Structures are given as structure tokens and as C-alpha cells.
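Quick note on numbering: the sequence shown equals residues 1 to 579 in full-length UniProt numbering. First comes the structure, then the notes that go with it.
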Amino acid sequence: MYSQNKTITSQVSKAKRVQPPWSPPEGTDVSKLHLYNSLTRTKEVFVPQKGNKVLWYCCGPTVYDASHMGHARSYISFDILRRILKDYFKYDVFYCMNVTDIDDKIIKRARQNYLLEQYGEKKPSPSQILQDVLTARTPFKAKLAETTDPDKKQMLERLDAAVDAALGPLQMSVQSNAAGDTLQNQVLLEEAKDLLSDWLDSQFGSQVTENSIFSLLPKYWEGEYHKDMEALNVSKLILVNNSIYEVLTLCIVLYFLSARQLRLAFLMHSWKDTLDYSNNTMESAIQYERFINEFFLNVKDILRSPTDITGQFEKWEAEEIELNKSFYEKKTSVHEALCDNIDTRSALEEMRALVGQSNTYMAARRSAKLPPNRMLLQSIALYLTDMLKTFGAIEGSEPIGFPVGGNGQNADLESTVMPYLSVLSDFREDVRKIAREKKVTELLRLCDELRDDTLPELGVRLEDRDGLPTSVKLVDKETLLKEREERKKMEDEKKKKKEEAARKKQEQEMAKLAKMKVKPSEMFRSETDKYSNFDETGFPAHDAEGKELSKGLAKKLRKLYEAQEKLYNEYLQSTQNGS
1 MYSQNKTITS QVSKAKRVQP PWSPPEGTDV SKLHLYNSLT RTKEVFVPQK GNKVLWYCCG
61 PTVYDASHMG HARSYISFDI LRRILKDYFK YDVFYCMNVT DIDDKIIKRA RQNYLLEQYG
121 EKKPSPSQIL QDVLTARTPF KAKLAETTDP DKKQMLERLD AAVDAALGPL QMSVQSNAAG
181 DTLQNQVLLE EAKDLLSDWL DSQFGSQVTE NSIFSLLPKY WEGEYHKDME ALNVSKLILV
241 NNSIYEVLTL CIVLYFLSAR QLRLAFLMHS WKDTLDYSNN TMESAIQYER FINEFFLNVK
301 DILRSPTDIT GQFEKWEAEE IELNKSFYEK KTSVHEALCD NIDTRSALEE MRALVGQSNT
361 YMAARRSAKL PPNRMLLQSI ALYLTDMLKT FGAIEGSEPI GFPVGGNGQN ADLESTVMPY
421 LSVLSDFRED VRKIAREKKV TELLRLCDEL RDDTLPELGV RLEDRDGLPT SVKLVDKETL
481 LKEREERKKM EDEKKKKKEE AARKKQEQEM AKLAKMKVKP SEMFRSETDK YSNFDETGFP
541 AHDAEGKELS KGLAKKLRKL YEAQEKLYNE YLQSTQNGS
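This is the structure:
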């Protein structure tokens with residue numbers, strides 16, 4: 001009997017373990033990387049020849065002069081594409097670029113530099129310099145006249161104008177038999193070096209045969225090229241020597257823009273289209289960096305707020321669910337943009353929109369005096385940081401945001417100084433609270449001075465918030481000083497407008513008072529060019545020609561008279577009351 005029951009139970013158990021029918025999900029189409037094919041002039045699905053390996057050969061610089069923006073754009077754009085293929089799409093990329101270190105351009109430039117240097121060492125007289133430059137200017141003028149390309153023509157015209165401006169003072173000195181100013185000589189030689197070296201090369205170039213003259217130039221500029229690439233955060237390259245380098249001097253560009261801002265400017269445009277190098281383009285990149293950086297600073301400030309382990313796992317409400325949904329939608333949009341011929345412009349716009357939605361969420365929570373969801377904001381910040389690292393806009397290993405204090409210092413600097421800054425901020429807030437209660441204005445002024453003048457010099461920004469703890473942020477010192485300068489400028493303009501408004505108001509009041517003091521009987525008597533024959537109250541009866549005033553004009557003047565009578569009575573009343 002026991003054996004039978006056991007058998008029945010076993011059979012029932014086996015029956016319960018029967019799995020229901022299953023079919024795989026249909027899924028959705030997965031976006032594939034499409035790249036522009038210059039041969040077919042269309043976007044094609046990118047398929048490597050061998051598995052996941054991508055072999056990429058790129059023509060590099062010809063190294064005979066300093067780098068300009070056009071070349072910088074090429075190298076940074078190629079670096080962005082390579083990083084995305086390698087770090088985002090996970091291709092195994094082998095990138096090889098040649099450097100041309102010998103060709104006709106290099107040989108000619110080396111000869112010209114050598115001949116110009118020899119010319120200067122001979123210390124020619126002012127009259128000789130003047131004669132040689134005027135002689136060299138003749139073929140240059142012919143070249144200028146023949147040039148049809150508008151950009152090249154504009155460049156040659158600027159050069160010609162600079163030479164013309166430098167010629168004047170030296171010509172006057174030579175004509176007056178003056179000794180000649182050494183500075184005038186140097187200015188003319190500097191402005192005319194291009195056309196003078198070209199002329200010297202046409203006269204004596206065949207006599208320059210020393211090999212070392214032709215090897216030193218490309219060696220120097222190749223070294224400068226590598227320095228520029230390092231400054232622009234361009235990944236290390238596999239180089240094949242056979243090239244040259246010509247670029248707008250990048251040190252000038254990087255004086256006004258950081259390498260990150262320059263890269264963002266290129267990211268905000270299609271890599272294969274012409275780029276507008278206007279101030280608006282560069283300013284857009286600066287504003288984008290500032291916008292994203294402020295989000296990172298706010299998230300890091302939230303993550304530093306003290307909380308226990310359970311406080312890190314908050315329940316999601318409708319706002320968090322909505323933001324998370326948008327987060328996934330934006331990630332999908334970024335992926336689709338990168339699959340579409342690596343459209344970084346659209347990708348950055350989607351990232352900007354995600355930051356905007358996150359800012360709206362944080363502002364709403366702040367207004368409601370509620371803490372935002374830490375883990376959700378951290379996930380968004382980590383994603384954005386990772387994408388900007390992929391684009392080469394963030395260096396270093398810090399998990400969130402742009403580096404502070406130089407490459408490699410961010411993590412150590414932030415973790416080291418933040419505990420002390422938090423203590424300082426809490427102490428300052430306690431002092432402000434007591435000062436407000438006791439009405440000690442001097443202490444409040446010192447607290448403001450610490451926030452506005454002292455800490456920005458150290459790269460620290462304090463943000464006082466009503467009903468919430470003061471926010472502490474580590475920011476680049478130059479950025480803070482610029483913010484302070486802009487804030488002071490705005491305050492000065494506001495003060496100036498306020499003073500101007502007060503001045504105008506005072507003038508209006510003075511004018512009104514002066515008008516109120518005028519007796520009604522006197523208001524028309526001074527206008528002898530208009531009226532004559534006044535009655536006993538000072539009201540005109542005839543015009544300047546002695547004709548009687550029309551009824552319409554008399555009615556109009558009567559209204560003015562009565563209004564002035566009212567003003568004058570108000571004035572008399574105010575003087576009687578002592579006001």
C-alpha cells in the first residue's frame with residue numbers, strides 16, 4: 001500500500017514539473033553602425049573585413065610650420081571617431097598615420113628660413129633693407145593680382161597691408177638721411193619675411209646644399225606636432241615617417257580655449273561638414289561645458305550629503321519613474337545618433353536634454369524641501385561622464401565629472417579637501433545664523449567676503465540656499481574668477497542703471513517743482529513770440545500779430561491755465577505745510 005502511494009505521488013510531482021510552451025520574444029531591430037561612404041556618397045552599414053578588427057590608415061601632417069585650426073579639427077575629429085569605434089562600438093582598431101618629413105614644401109621652407117637668417121646676420125643698412133623689400137614686393141604684387149581664391153587673396157592682402165604700414169616709417173627715415181631706427185628695421189623685416197624669403201630663395205636658393213639645413217626643420221616641427229597632440233588629448237598614434245605639419249598656431253587658440261572646449265566645439269558639428277570657426281561656435285562650446293559641469297557639481301554635492309545605508313535606496317515616486325524613463329530614452333537616442341554616421345552633434349543635444357530634465361527634477365525636489373533620488377542621479381552622471389570620456393572630453397579615472405586641479409589630481413584633491421571644506425561651510429553657516437539673530441552685520445559681511453573673495457581664489461564655490469545646507473563645489477579657479485568678474489560687471493551695470501533712474505527721477509521732480517512755482521498769471525506772459533494783450537489774470541487775448549485768439553485755441557489754453565493753477569496751489573499748500 002505504501003509503495004503504491006509513493007508511486008502515485010511521484011507521478012503527480014512529475015506532472016507538476018511539466019513546463020508550459022515557450023517561444024522566443026520577437027524583439028526589435030537593433031541599430032547598426034552606418035558610415036558615410038565617399039565612393040557611393042551614401043551611408044552604408046559598416047562591416048570590417050576581418051571579424052572585429054579595423055585597420056585604419058590616415059594621411060598625417062607635413063611638418064614644416066605651426067599647426068592651424070583646420071588641421072587641429074582634422075586630428076581631433078579623427079581622434080573622436082577612433083575613440084567611438086574603439087571604446088563605444090568595441091572594435092579592435094589599429095590606427096596608423098604617416099608624417100611627411102621630406103617633400104618640396106619642406107625643402108623650400110628650410111632654404112627660405114636659412115637664407116632669411118643669413119640675411120639678418122649680415123646686418124644690412126636701412127636703405128638696403130628698404131631696397132630689397134621693394135624689389136621683393138614686385139613679384140609678390142604680381143602673385144597677389146593672379147590669385148583668384150578668395151581666402152588666399154584675403155590672406156595675401158593682409159600681408160601686403162602689414163608690409164605697407166611698416167614701409168612708411170623707414171622710407172621717411174631714409175629720405176631724410178636719418179640714422180634709421182633699429183626697431184623700424186626689425187618691424188619691416190618681420191612683416192616682410194614671407195615675401196622677402198621667397199625673393200631670396202629665387203635669387204640664391206640653388207646655392208643652399210647642406211643636408212643638415214633640410215633635416216632640422218621637419219625634426220623641430222614634428223616635435224611641436226606631438227606636443228600639440230598631447231595638449232589636445234589626442235590618443236597615441238602609430239606613426240610612419242613620410243609627411244609634414246601645417247596648422248593656425250594652436251598655442252594662440254588654446255590661450256583662449258581649453259583643449260576640452262575646442263573638442264566640444266568639434267563634437268557639436270558633423271565631422272564631415274565644413275565648420276564655422278566664428279566666436280559664436282566657440283562660445284557655444286564654452287556654454288555647453290559650463291552647463292554640463294554645473295550638473296556634475298550639483299550631483300556630487302548631493303552624493304556628499306550624509307545619509308545612512310537605507311537612505312541610499314529611496315522608494316521611487318512618479319517623478320523618479322518619469323526621469324528614469326527619459327534616461328533610457330535618451331540613451332537610446334544617443335546610441336541611434338552614433339550609429340547614424342557617428343552623429344556627435346545630435347548625441348550631445350540628447351545629452352543636453354537629459355541634463356535639462358535632471359535639473360528640472362532636482363529643482364522641484366529642492367522647492368519641495370525633499371531630497372532627490374541619489375542612485376538615479378548618480379546613474380545619469382556616471383553615464384554622461386562615461387560618454388564624455390569616450391569622446392575624449394574627460395581625462396582621468398574620476399567616476400563623475402570633469403577633472404579639478406589638473407589631470408590625475410581630481411580624485412585625491414576632492415577626497416582630501418572636501419571634509420575640511422564641509423566643516424568650514426558648516427561653521428560659517430552657524431556663524432551666519434548667530435549673526436542674523438544678534439544682528440551683527442559685520443560678521444555677515446565677513447561671511448560674504450569669505451564666500452565671494454577668499455574661497456574663489458582657492459577654486460572653491462559656496463552656494464547659500466534658503467532652508468537647505470550650503471552647497472560646496474570645487475571649480476576651476478579661472479572659471480570662478482571669471483564668474484566673479486562677470487557678477488561684479490552685472491552689479492556695476494545694475495548700480496549704474498539704478499543711479500541713472502534716480503537721476504532722471506530727480507530731474508523730473510526738479511522740473512515739476514520748477515513748473516509748480518510758476519504763477520498761472522505769468523505762464524503765458526513770457527511767450528511774447530506767441531501771444532500779446534493779456535487780461536488781468538495773465539491769460540492771453542490776442543496772438544503775437546494782435547489778432548484775437550480763436551475760440552478753439554482759447555479753450556485749449558484755458559485748460560493749460562487751470563492745470564497750472566492747480567499745480568501752483570499744490571506748491572503753495574506744500575510750502576505752508578513745511579514739506
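Where is the CB? At the ideal position from N, CA and C, for every residue including glycine. Predicted model, so just to flag it, every value in this text is computed and none were measured.
How many angstroms separate the CA atom of residue i from the CA atom of residue j?
{"i": "E545", "j": "K551", "result": "17 Å"}
{"i": "A502", "j": "K489", "result": "20 Å"}
{"i": "P306", "j": "R374", "result": "11 Å"}
{"i": "R366", "j": "A162", "result": "59 Å"}
{"i": "F94", "j": "Y57", "result": "8 Å"}
{"i": "K193", "j": "C96", "result": "36 Å"}
{"i": "L248", "j": "V475", "result": "Below a pLDDT of 50, predicted positions are generally treated as unreliable, and L248, at 38, falls in that range; no measurement from the model is reported."}
{"i": "L354", "j": "K272", "result": "26 Å"}
{"i": "L560", "j": "K504", "result": "24 Å"}
{"i": "E314", "j": "I321", "result": "12 Å"}
{"i": "L250", "j": "S77", "result": "Any reading at L250 must be qualified, since the residue scores a pLDDT of 46, below 50, and its modelled position is unreliable; the value itself is stated next. Their Cα atoms are separated by approximately 15 Å."}
{"i": "K494", "j": "K300", "result": "33 Å"}
{"i": "F534", "j": "E491", "result": "55 Å"}
{"i": "I400", "j": "F266", "result": "23 Å"}
{"i": "Y568", "j": "F539", "result": "15 Å"}
{"i": "R82", "j": "I380", "result": "24 Å"}
{"i": "K325", "j": "I302", "result": "21 Å"}
{"i": "L297", "j": "L232", "result": "24 Å"}
{"i": "R453", "j": "D79", "result": "Correcting the residue identity first, residue 453 is Asp in this sequence and not Arg. The alpha-carbon atoms of D453 and D79 are separated by roughly 40 Å."}
{"i": "K105", "j": "N341", "result": "35 Å"}
{"i": "H71", "j": "P403", "result": "26 Å"}
{"i": "R137", "j": "L196", "result": "8 Å"}
{"i": "T42", "j": "D343", "result": "15 Å"}
Within 10 angstroms of its Cβ, does residue i collect 16 or more other Cβ (buried), or is it exposed?
{"i": "Q112", "result": "buried"}
{"i": "I434", "result": "exposed"}
{"i": "Q175", "result": "exposed"}
{"i": "Q508", "result": "exposed"}
{"i": "C339", "result": "buried"}
{"i": "F427", "result": "exposed"}
{"i": "S358", "result": "buried"}
{"i": "L572", "result": "exposed"}
{"i": "E222", "result": "buried"}
{"i": "G27", "result": "exposed"}
{"i": "S397", "result": "exposed"}
{"i": "H269", "result": "buried"}
{"i": "D101", "result": "buried"}
{"i": "G467", "result": "exposed"}
{"i": "Y119", "result": "buried"}
{"i": "V30", "result": "exposed"}
Considering just the uninterrupted stretch of the beta strand (DSSP E) at residue i, what are its terminal residues?
{"i": "Y57", "result": "53 to 58"}
{"i": "S471", "result": "468 to 474"}
{"i": "I215", "result": "Strictly speaking, residue 215 in this sequence is Ser, with Ile absent from that position. Per DSSP, S215 belongs to no beta strand (DSSP E); it is in the alpha helix (DSSP H), 211 to 231."}
{"i": "S532", "result": "531 to 534"}
{"i": "D453", "result": "Looking at the DSSP string, D453 is not in any beta strand (DSSP E), and its letter there is neither H nor E."}
{"i": "D92", "result": "92 to 99"}
{"i": "K43", "result": "42 to 45"}
{"i": "N293", "result": "It is not in any beta strand (DSSP E) - N293 instead sits in the alpha helix (DSSP H) that spans 279 to 304."}
{"i": "Y114", "result": "Careful: Y114 lies outside any beta strand (DSSP E), inside the alpha helix (DSSP H) at 104 to 121."}
{"i": "P540", "result": "540 to 543"}
{"i": "L35", "result": "34 to 37"}
{"i": "D464", "result": "460 to 465"}
Using alpha carbons as the reference points, say which of the options lies closest to residue i.
{"i": "V472", "options": "T479, M418, K495, K505", "result": "M418"}
{"i": "L134", "options": "L189, S358, R558, Y383", "result": "L189"}
{"i": "E570", "options": "Q506, P371, K519, D301", "result": "K519"}
{"i": "L455", "options": "E437, I107, L424", "result": "L424"}
{"i": "R260", "options": "C59, K389, K105, V334", "result": "K389"}
{"i": "K90", "options": "I106, C59, K53", "result": "K53"}
{"i": "L33", "options": "Q19, K86, S23", "result": "K86"}
{"i": "I84", "options": "S212, A393, L480", "result": "A393"}
Could you check where the alpha helix (DSSP H) with residue i kicks off and where it finishes?
{"i": "F266", "result": "259 to 267"}
{"i": "A161", "result": "150 to 175"}
{"i": "R558", "result": "551 to 576"}
{"i": "Y361", "result": "344 to 367"}
{"i": "P126", "result": "126 to 146"}
{"i": "T479", "result": "477 to 516"}
{"i": "D198", "result": "193 to 204"}
{"i": "E527", "result": "Element bounds for E527: n/a, residue is neither H nor E."}
Taking contact to mean at least 3 C-beta pairs separated by less than 8 Å, is the region 195 to 207 in contact with the region 114 to 123? Verdict: yes, contact present.
Using a Cβ distance threshold of 8 Å, determine whether the region 342 to 356 contacts the region 288 to 296, with at least three qualifying pairs required. The answer is yes - the region 288 to 296 touches the region 342 to 356, with three or more Cβ pairs under 8 Å.
Are the region 144 to 154 and the region 213 to 226 touching by the rule of at least three beta carbon pairs closer than 8 Å? As far as the Cβ criterion goes, the region 144 to 154 does not touch the region 213 to 226, which means the pair count is below three.
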